[in-house]
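As C-alpha coordinates, the structure follows; a few thoughts come after it.
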Amino acid sequence: MGAFHREAPFCIPIDLFDEKKFKEKEMLQMAANVETMFSVREKPWHGLGTIVMKAPTSSDALRLAGLDWNVVQEPVYTEGHELVRGYKANIRSSDRKILGVVSDRYKVVQNAEAFSFTDELLGRGVRYETAGSLQEGKKVWILARLPREYIIAGERISPYLVFSNTHDGSGAVKVAVTPVRVVCNNTLNLALDTAKRSFSMIHTGSIQNRIQEAKDTLFMAEEYMGCLETEIEHLRRQKVTDAQVKEYIEMLLPMEQDPTPVQSRNMIKLRRDMEQRYYDAPDLQKVGNNAYRFINAVSDFATHSSPLRRTANYNENLFARTVDGNPLIDKAYQLVKAA
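Take the sequence shown: its position 50, counted from the start at 1, is 44 in this note's numbering, and no numbers get skipped.
Structure follows, in C-alpha coordinates:
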(Lines of atoms letter the chains of each structure in order from A and count residues from 1; the text may use other names and numbers.)
(Lines give C-alpha, C1' and ligand atoms only; values in the text may rest on other atoms or scores of the structure.)
Protein backbone atom coordinates (compact mmCIF):
# COMPACT_ATOMS: atom_id res chain seq x y z
CA MET A 1 0.00 0.00 0.00
CA GLY A 2 1.18 3.53 -0.76
CA ALA A 3 1.86 6.17 1.82
CA PHE A 4 -0.73 8.75 2.76
CA HIS A 5 -0.96 11.75 5.01
CA ARG A 6 -3.53 13.18 7.36
CA GLU A 7 -5.03 16.60 6.87
CA ALA A 8 -5.87 18.90 9.78
CA PRO A 9 -8.04 17.39 12.56
CA PHE A 10 -11.73 17.06 11.91
CA CYS A 11 -11.42 17.47 8.14
CA ILE A 12 -14.43 15.39 7.11
CA PRO A 13 -15.32 14.58 3.47
CA ILE A 14 -18.77 15.91 2.65
CA ASP A 15 -21.27 14.69 0.06
CA LEU A 16 -19.10 11.85 -1.24
CA PHE A 17 -22.01 10.06 -2.83
CA ASP A 18 -23.68 12.86 -4.77
CA GLU A 19 -22.50 12.74 -8.36
CA LYS A 20 -23.22 16.44 -8.76
CA LYS A 21 -20.33 17.07 -6.37
CA PHE A 22 -17.95 15.40 -8.82
CA LYS A 23 -18.43 18.09 -11.47
CA GLU A 24 -15.30 19.90 -12.48
CA LYS A 25 -15.08 23.29 -10.76
CA GLU A 26 -12.59 25.29 -8.74
CA MET A 27 -12.01 24.44 -5.10
CA LEU A 28 -13.90 27.01 -3.03
CA GLN A 29 -12.21 28.97 -0.27
CA MET A 30 -13.31 28.69 3.38
CA ALA A 31 -17.07 29.25 3.52
CA ALA A 32 -18.02 32.79 4.43
CA ASN A 33 -20.85 31.65 6.71
CA VAL A 34 -18.32 30.59 9.34
CA GLU A 35 -18.18 33.99 11.00
CA THR A 36 -16.06 34.14 14.08
CA MET A 37 -14.31 31.84 16.47
CA PHE A 38 -11.37 31.45 18.77
CA SER A 39 -9.16 28.48 19.57
CA VAL A 40 -6.80 27.22 22.22
CA ARG A 41 -3.16 26.51 21.24
CA GLU A 42 -3.78 25.61 17.60
CA LYS A 43 -6.05 26.26 14.65
CA PRO A 44 -9.45 24.61 15.13
CA TRP A 45 -11.00 22.16 12.72
CA HIS A 46 -12.70 24.95 10.74
CA GLY A 47 -9.33 26.44 9.83
CA LEU A 48 -10.19 29.90 11.17
CA GLY A 49 -9.73 31.60 14.49
CA THR A 50 -7.40 33.38 16.84
CA ILE A 51 -4.85 31.34 18.76
CA VAL A 52 -4.83 31.87 22.54
CA MET A 53 -2.35 30.33 24.93
CA LYS A 54 -4.84 29.17 27.55
CA ALA A 55 -8.57 28.67 27.88
CA PRO A 56 -10.25 32.05 28.49
CA THR A 57 -12.98 32.95 30.93
CA SER A 58 -16.52 33.15 29.61
CA SER A 59 -16.32 36.93 29.27
CA ASP A 60 -13.08 36.61 27.30
CA ALA A 61 -14.62 33.88 25.19
CA LEU A 62 -17.60 36.06 24.28
CA ARG A 63 -15.31 38.83 23.14
CA LEU A 64 -12.77 36.68 21.30
CA ALA A 65 -15.43 34.65 19.50
CA GLY A 66 -17.38 37.77 18.49
CA LEU A 67 -20.41 36.62 20.47
CA ASP A 68 -20.65 39.62 22.79
CA TRP A 69 -24.04 40.68 21.44
CA ASN A 70 -27.64 40.08 22.49
CA VAL A 71 -30.78 38.99 20.69
CA VAL A 72 -33.61 41.51 20.93
CA GLN A 73 -37.20 40.73 19.96
CA GLU A 74 -39.33 43.22 18.07
CA PRO A 75 -42.85 43.13 16.55
CA VAL A 76 -43.31 42.07 12.93
CA TYR A 77 -45.29 44.24 10.51
CA THR A 78 -46.48 43.82 6.94
CA GLU A 79 -45.49 46.26 4.21
CA GLY A 80 -48.80 47.98 4.93
CA HIS A 81 -47.73 48.53 8.55
CA GLU A 82 -50.16 45.93 9.86
CA LEU A 83 -49.03 44.08 12.99
CA VAL A 84 -48.43 40.33 12.47
CA ARG A 85 -49.87 38.92 15.67
CA GLY A 86 -48.28 35.93 17.35
CA TYR A 87 -44.79 36.47 15.90
CA LYS A 88 -41.64 38.41 16.70
CA ALA A 89 -38.36 39.06 14.93
CA ASN A 90 -35.10 38.02 16.59
CA ILE A 91 -32.54 40.76 15.86
CA ARG A 92 -28.83 40.89 16.59
CA SER A 93 -28.12 43.94 18.74
CA SER A 94 -24.69 44.65 17.25
CA ASP A 95 -25.80 45.30 13.67
CA ARG A 96 -29.60 44.92 13.55
CA LYS A 97 -29.25 41.70 11.56
CA ILE A 98 -32.55 39.76 11.47
CA LEU A 99 -31.75 36.25 12.70
CA GLY A 100 -35.24 34.80 12.34
CA VAL A 101 -38.96 35.20 12.84
CA VAL A 102 -40.35 33.17 15.75
CA SER A 103 -43.63 32.70 17.59
CA ASP A 104 -44.52 34.53 20.80
CA ARG A 105 -43.83 31.28 22.67
CA TYR A 106 -40.16 31.32 21.69
CA LYS A 107 -37.79 32.09 24.59
CA VAL A 108 -34.46 33.65 23.68
CA VAL A 109 -31.34 32.02 25.17
CA GLN A 110 -28.75 34.75 25.05
CA ASN A 111 -25.13 33.96 24.26
CA ALA A 112 -24.12 35.09 27.73
CA GLU A 113 -26.62 32.62 29.22
CA ALA A 114 -25.25 29.79 27.09
CA PHE A 115 -21.72 30.55 28.26
CA SER A 116 -22.94 30.93 31.82
CA PHE A 117 -24.22 27.36 31.60
CA THR A 118 -20.79 26.10 30.55
CA ASP A 119 -19.19 28.05 33.39
CA GLU A 120 -20.81 25.52 35.70
CA LEU A 121 -18.77 22.88 33.89
CA LEU A 122 -15.61 24.96 33.74
CA GLY A 123 -15.62 24.97 37.52
CA ARG A 124 -15.17 21.21 37.30
CA GLY A 125 -12.14 21.41 35.02
CA VAL A 126 -13.75 21.63 31.59
CA ARG A 127 -11.85 24.00 29.27
CA TYR A 128 -13.16 26.01 26.35
CA GLU A 129 -11.54 25.08 23.03
CA THR A 130 -13.46 26.97 20.30
CA ALA A 131 -16.57 29.06 19.94
CA GLY A 132 -18.22 30.98 17.14
CA SER A 133 -21.25 31.59 14.98
CA LEU A 134 -22.62 30.35 11.68
CA GLN A 135 -24.98 31.91 9.16
CA GLU A 136 -24.47 35.47 10.40
CA GLY A 137 -25.32 34.63 13.99
CA LYS A 138 -28.27 32.29 13.46
CA LYS A 139 -26.30 29.44 15.05
CA VAL A 140 -23.72 29.69 17.84
CA TRP A 141 -21.57 27.05 19.48
CA ILE A 142 -19.01 26.36 22.18
CA LEU A 143 -16.58 23.43 22.09
CA ALA A 144 -15.06 22.35 25.40
CA ARG A 145 -12.75 19.54 26.44
CA LEU A 146 -13.49 17.50 29.53
CA PRO A 147 -10.70 17.23 32.11
CA ARG A 148 -10.67 13.43 32.26
CA GLU A 149 -8.69 11.52 29.64
CA TYR A 150 -9.79 7.91 29.23
CA ILE A 151 -7.45 4.97 28.62
CA ILE A 152 -9.43 2.51 26.50
CA ALA A 153 -7.78 -0.59 25.05
CA GLY A 154 -4.43 0.98 25.89
CA GLU A 155 -5.20 4.20 23.98
CA ARG A 156 -5.76 7.75 25.20
CA ILE A 157 -9.22 9.06 24.28
CA SER A 158 -10.34 12.59 25.19
CA PRO A 159 -14.05 13.48 25.28
CA TYR A 160 -15.18 16.86 23.97
CA LEU A 161 -18.53 18.55 24.56
CA VAL A 162 -20.12 20.67 21.84
CA PHE A 163 -22.79 23.13 23.01
CA SER A 164 -24.84 24.67 20.21
CA ASN A 165 -27.79 27.02 20.08
CA THR A 166 -29.87 28.71 17.40
CA HIS A 167 -31.40 32.18 17.25
CA ASP A 168 -33.65 31.58 14.23
CA GLY A 169 -36.12 29.26 15.95
CA SER A 170 -34.79 26.10 14.30
CA GLY A 171 -33.58 24.36 17.46
CA ALA A 172 -32.91 24.40 21.18
CA VAL A 173 -29.68 24.31 23.16
CA LYS A 174 -27.95 21.05 22.28
CA VAL A 175 -25.07 19.20 23.91
CA ALA A 176 -23.12 16.40 22.21
CA VAL A 177 -20.18 14.24 23.27
CA THR A 178 -17.39 13.72 20.72
CA PRO A 179 -14.59 11.34 21.83
CA VAL A 180 -11.27 11.81 20.02
CA ARG A 181 -8.32 9.39 19.87
CA VAL A 182 -5.40 11.50 21.02
CA VAL A 183 -2.76 9.66 18.98
CA CYS A 184 -4.35 10.54 15.63
CA ASN A 185 -7.27 12.92 16.34
CA ASN A 186 -9.80 10.45 14.93
CA THR A 187 -13.35 11.01 16.16
CA LEU A 188 -15.20 8.04 17.70
CA ASN A 189 -18.68 9.51 18.06
CA LEU A 190 -20.47 6.20 17.50
CA ALA A 191 -24.25 5.98 17.71
CA LEU A 192 -24.44 3.47 20.57
CA ASP A 193 -27.64 1.67 21.52
CA THR A 194 -26.62 1.67 25.17
CA ALA A 195 -25.99 5.39 25.81
CA LYS A 196 -27.00 8.76 24.41
CA ARG A 197 -24.34 10.91 22.78
CA SER A 198 -26.40 14.09 22.64
CA PHE A 199 -29.51 15.73 24.01
CA SER A 200 -31.36 19.03 23.88
CA MET A 201 -32.19 21.29 26.80
CA ILE A 202 -34.78 23.97 27.43
CA HIS A 203 -33.23 26.95 29.16
CA THR A 204 -35.24 28.08 32.19
CA GLY A 205 -33.18 31.07 33.30
CA SER A 206 -32.73 29.59 36.78
CA ILE A 207 -29.14 29.31 38.05
CA GLN A 208 -30.12 26.31 40.17
CA ASN A 209 -31.52 24.55 37.13
CA ARG A 210 -28.36 25.35 35.19
CA ILE A 211 -26.28 23.71 37.92
CA GLN A 212 -28.43 20.60 37.73
CA GLU A 213 -28.23 20.57 33.92
CA ALA A 214 -24.45 20.83 34.18
CA LYS A 215 -24.37 17.80 36.46
CA ASP A 216 -26.66 15.91 34.07
CA THR A 217 -24.38 16.81 31.15
CA LEU A 218 -21.31 15.43 32.88
CA PHE A 219 -23.21 12.29 33.83
CA MET A 220 -24.25 11.81 30.19
CA ALA A 221 -20.66 12.16 29.03
CA GLU A 222 -19.32 9.74 31.64
CA GLU A 223 -22.05 7.20 30.89
CA TYR A 224 -21.38 7.39 27.15
CA MET A 225 -17.63 7.00 27.60
CA GLY A 226 -18.18 3.97 29.83
CA CYS A 227 -20.40 2.31 27.23
CA LEU A 228 -17.96 3.26 24.47
CA GLU A 229 -15.17 1.48 26.35
CA THR A 230 -17.27 -1.70 26.54
CA GLU A 231 -18.10 -1.51 22.84
CA ILE A 232 -14.49 -0.94 21.82
CA GLU A 233 -13.49 -4.10 23.68
CA HIS A 234 -16.16 -6.03 21.72
CA LEU A 235 -14.91 -4.58 18.44
CA ARG A 236 -11.31 -5.52 19.21
CA ARG A 237 -12.33 -9.15 19.76
CA GLN A 238 -14.23 -9.29 16.44
CA LYS A 239 -11.86 -10.50 13.72
CA VAL A 240 -12.14 -9.05 10.21
CA THR A 241 -10.73 -10.71 7.09
CA ASP A 242 -9.20 -8.92 4.09
CA ALA A 243 -12.20 -10.00 2.03
CA GLN A 244 -14.56 -8.39 4.56
CA VAL A 245 -12.55 -5.17 4.51
CA LYS A 246 -12.90 -4.99 0.74
CA GLU A 247 -16.63 -5.77 0.92
CA TYR A 248 -17.29 -3.20 3.65
CA ILE A 249 -15.43 -0.47 1.75
CA GLU A 250 -17.42 -1.16 -1.41
CA MET A 251 -20.65 -0.96 0.60
CA LEU A 252 -19.61 2.29 2.26
CA LEU A 253 -18.45 3.82 -1.03
CA PRO A 254 -20.79 2.35 -3.66
CA MET A 255 -20.14 2.85 -7.35
CA GLU A 256 -22.81 4.68 -9.35
CA GLN A 257 -24.87 2.59 -11.73
CA ASP A 258 -23.32 3.03 -15.20
CA PRO A 259 -20.72 5.48 -13.90
CA THR A 260 -18.86 7.87 -16.15
CA PRO A 261 -15.07 7.38 -16.41
CA VAL A 262 -14.56 10.35 -14.06
CA GLN A 263 -17.01 8.97 -11.50
CA SER A 264 -15.38 5.55 -11.67
CA ARG A 265 -11.87 6.97 -11.19
CA ASN A 266 -13.01 9.14 -8.29
CA MET A 267 -14.70 6.28 -6.46
CA ILE A 268 -11.71 3.98 -6.98
CA LYS A 269 -9.51 6.73 -5.56
CA LEU A 270 -11.73 7.10 -2.49
CA ARG A 271 -11.86 3.35 -1.91
CA ARG A 272 -8.09 3.06 -2.20
CA ASP A 273 -7.69 5.91 0.28
CA MET A 274 -9.89 4.19 2.86
CA GLU A 275 -8.16 0.84 2.29
CA GLN A 276 -4.74 2.40 2.81
CA ARG A 277 -5.89 3.88 6.10
CA TYR A 278 -6.85 0.38 7.29
CA TYR A 279 -3.59 -1.29 6.25
CA ASP A 280 -1.00 1.50 6.45
CA ALA A 281 -1.99 3.92 9.24
CA PRO A 282 0.97 3.88 11.68
CA ASP A 283 -1.25 4.05 14.76
CA LEU A 284 -3.22 0.96 13.63
CA GLN A 285 -0.26 -1.34 12.90
CA LYS A 286 -0.45 -3.10 16.28
CA VAL A 287 -4.23 -3.05 16.69
CA GLY A 288 -4.81 -6.34 14.85
CA ASN A 289 -7.17 -7.23 12.00
CA ASN A 290 -10.41 -6.58 13.81
CA ALA A 291 -13.56 -4.48 13.69
CA TYR A 292 -12.05 -1.77 15.88
CA ARG A 293 -9.25 -1.27 13.38
CA PHE A 294 -11.77 -0.99 10.55
CA ILE A 295 -13.91 1.55 12.44
CA ASN A 296 -10.79 3.63 13.06
CA ALA A 297 -9.79 3.43 9.41
CA VAL A 298 -13.22 4.74 8.43
CA SER A 299 -13.01 7.43 11.11
CA ASP A 300 -9.54 8.35 9.85
CA PHE A 301 -10.98 8.69 6.35
CA ALA A 302 -14.02 10.64 7.54
CA THR A 303 -12.05 12.83 9.94
CA HIS A 304 -8.95 13.64 7.91
CA SER A 305 -9.31 12.97 4.19
CA SER A 306 -9.91 15.89 1.86
CA PRO A 307 -13.10 15.82 -0.26
CA LEU A 308 -12.87 15.54 -4.02
CA ARG A 309 -14.58 18.90 -4.27
CA ARG A 310 -15.04 21.44 -1.48
CA THR A 311 -18.65 22.65 -1.53
CA ALA A 312 -19.86 26.12 -0.57
CA ASN A 313 -21.42 24.82 2.66
CA TYR A 314 -18.50 22.50 3.43
CA ASN A 315 -17.68 23.98 6.82
CA GLU A 316 -21.26 24.16 8.06
CA ASN A 317 -21.69 20.47 7.18
CA LEU A 318 -18.36 19.80 8.84
CA PHE A 319 -19.62 21.31 12.08
CA ALA A 320 -22.99 19.56 11.89
CA ARG A 321 -21.37 16.14 11.51
CA THR A 322 -19.16 16.78 14.50
CA VAL A 323 -22.23 17.55 16.61
CA ASP A 324 -24.77 15.11 15.17
CA GLY A 325 -22.43 12.27 14.22
CA ASN A 326 -20.90 11.20 10.95
CA PRO A 327 -23.19 8.90 8.91
CA LEU A 328 -20.23 7.19 7.25
CA ILE A 329 -18.77 6.13 10.61
CA ASP A 330 -22.18 5.08 11.89
CA LYS A 331 -22.80 2.97 8.78
CA ALA A 332 -19.43 1.26 9.18
CA TYR A 333 -20.29 0.55 12.81
CA GLN A 334 -23.62 -1.00 11.80
CA LEU A 335 -21.93 -3.13 9.13
CA VAL A 336 -19.46 -4.73 11.53
CA LYS A 337 -22.14 -5.19 14.18
CA ALA A 338 -24.31 -7.09 11.71
CA ALA A 339 -21.47 -9.45 10.68
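Note that the Cβ used here is the ideal one computed from N, Cα and C, for glycine as well. Since we're looking at a predicted model, the values are computed, not measured.
Please state whether the Cβ-Cβ distance between glutamine 67 and lysine 82 is less than 8 Å. Your numbering for residue 67 matches position 73 in the sequence shown. Your numbering for residue 82 matches position 88 in the sequence shown. In contact: glutamine 67 and lysine 82 (Cβ atoms closer than 8 Å).
Locate the alpha helix (DSSP H) running through tyrosine 286, then write down its first and last residues. Within the sequence shown, the letter at position 292 stands for residue 286. Element bounds for tyrosine 286: 285 to 298.
Integer Cβ distance of asparagine 203 from threonine 297, believed to fall under 8 Å: For the purposes of this step, residue 203 is taken as residue 209 along the sequence shown, with counting starting at 1. For the purposes of this step, residue 297 is taken as residue 303 along the sequence shown, with counting starting at 1. For asparagine 203 against threonine 297, the beta-carbon gap comes to about 35 Å, at or over 8 Å, which does not count as contact.
Only counting the same chain, and skipping five residues up and downstream in sequence, which positions put a Cβ closer than 8 Å to that of arginine 150? On the sequence shown, residue 150 is found 156 positions in, with the first residue counted as 1. The beta carbon of arginine 150 lies closer than 8 Å to those of Glu143, Tyr144, Arg175, Val176, Val177 in the same chain, with the five residues before and after it left out.
Would you say the beta carbon of serine 88 comes nearer than 7 Å to a heavy atom of the ligand COA? Ligands displayed in this structure: none; no statement on the ligand COA is therefore possible.
Near glutamate 18, what residues of its chain come up, given a Cβ to Cβ distance below 6 Å and the 5 sequence neighbours on each side ignored? One-based indexing of the sequence shown puts residue 18 at position 24. Bear in mind that a pLDDT of 34 at glutamate 18, under 50, signals an unreliable position, so the model cannot answer this.
At the level of alpha carbons, what is the spacing between aspartate 89 and asparagine 311? The count along the sequence shown starts at 1 and reaches residue 89 at position 95. The count along the sequence shown starts at 1 and reaches residue 311 at position 317. For aspartate 89 and asparagine 311, the distance between alpha carbons rounds to 26 Å.
Residues bridged to isoleucine 136 (per DSSP): Locating residue 136 in the sequence shown gives position 142, where the first residue counts as 1. Ala125, Phe157.
If arginine 265 sits next to isoleucine 243, beta carbons under 8 Å apart, how far is it from one beta carbon to the other, in whole angstroms? If you number the sequence shown from 1, residue 265 lands on position 271. If you number the sequence shown from 1, residue 243 lands on position 249. Yes, arginine 265 and isoleucine 243 are in contact; Cβ-Cβ is about 5 Å, under 8 Å.
Cut-off 8 Å between Cβ atoms - residues of its own chain near alanine 55, not counting five sequence neighbours on either side: The count along the sequence shown starts at 1 and reaches residue 55 at position 61. Only Phe32, Leu61, Phe109, Tyr122, Ala125, Ile136 meet the Cβ criterion.
Can alanine 326 and valine 292 be called in contact, C-beta distance under 8 Å? As a position in the sequence shown, residue 326 is number 332, starting the count at 1. As a position in the sequence shown, residue 292 is number 298, starting the count at 1. Closer than 8 Å, so yes.
So, for aspartate 162: in the same chain, excluding its five sequence neighbours on each side, which residues have a beta-carbon less than 6 Å away from its beta-carbon? For the purposes of this step, residue 162 is taken as residue 168 along the sequence shown, with counting starting at 1. Cβ within range, chain order: Leu93, Gly94, Lys132.
DSSP beta-bridge partners for alanine 170? Sequence index remark: in the sequence shown, residue 170 carries index 176 (1-based). DSSP output for alanine 170 lists Val156, Ser192 as bridge partner(s).
Identify every residue that forms a DSSP beta bridge with lysine 233. To locate residue 233, count along the sequence shown from 1; it is residue 239. For lysine 233, which the question treats as bridged, DSSP gives the partners Asn284.
DSSP three-state label for glycine 80, please. The count along the sequence shown starts at 1 and reaches residue 80 at position 86. Residue state, collapsed to three classes: strand.
Spatial neighbours of lysine 233 within its chain, please: C-beta separation below 7 Å, excluding the five flanking residues on both sides. By 1-based counting over the sequence shown, the position of residue 233 is 239. Closer than 7 Å at the Cβ level, and outside the excluded window around lysine 233, lie Asn283, Asn284.
DSSP three-state label for threonine 181, please. As a first step, residue 181 is located in the sequence shown; it is residue number 187 there, counting from the start. Strand at threonine 181.
Which same chain residues end up closer than 6 Å to isoleucine 323 when comparing Cβ atoms and leaving out the 5 residues on each side of it in sequence? Sequence index remark: in the sequence shown, residue 323 carries index 329 (1-based). The residues are Val292, Ser293, Ala296.
Could you work out which residue in Ile226, Arg99, Val78, Gly165 is closest to alanine 314 when comparing CA atoms only? Reading the sequence shown from its first residue, position 320 is the one you call residue 314. The residue with the shortest Cα to Cα distance from alanine 314 is Gly165.
If you reduce the DSSP assignment to three classes, tell me which class glutamate 68 lands in. Numbered from its first residue, the sequence shown carries residue 68 at position 74. In the structure shown, glutamate 68 adopts extended strand secondary structure according to DSSP, grouped into three states.
Just confirm the distance between the C-beta atoms of leucine 222 and asparagine 260, as a whole number of angstroms; I'd bet it's less than 8 Å. Residue 222 sits at position 228 when you count from the first residue of the sequence shown. Residue 260 sits at position 266 when you count from the first residue of the sequence shown. That pair is no contact at about 33 Å.
Cβ pair tyrosine 218, valine 171 closer than 8 Å: On the sequence shown, position 224 is the one that residue 218 refers to. On the sequence shown, position 177 is the one that residue 171 refers to. Cβ distance < 8 Å, so tyrosine 218 and valine 171 count as in contact.
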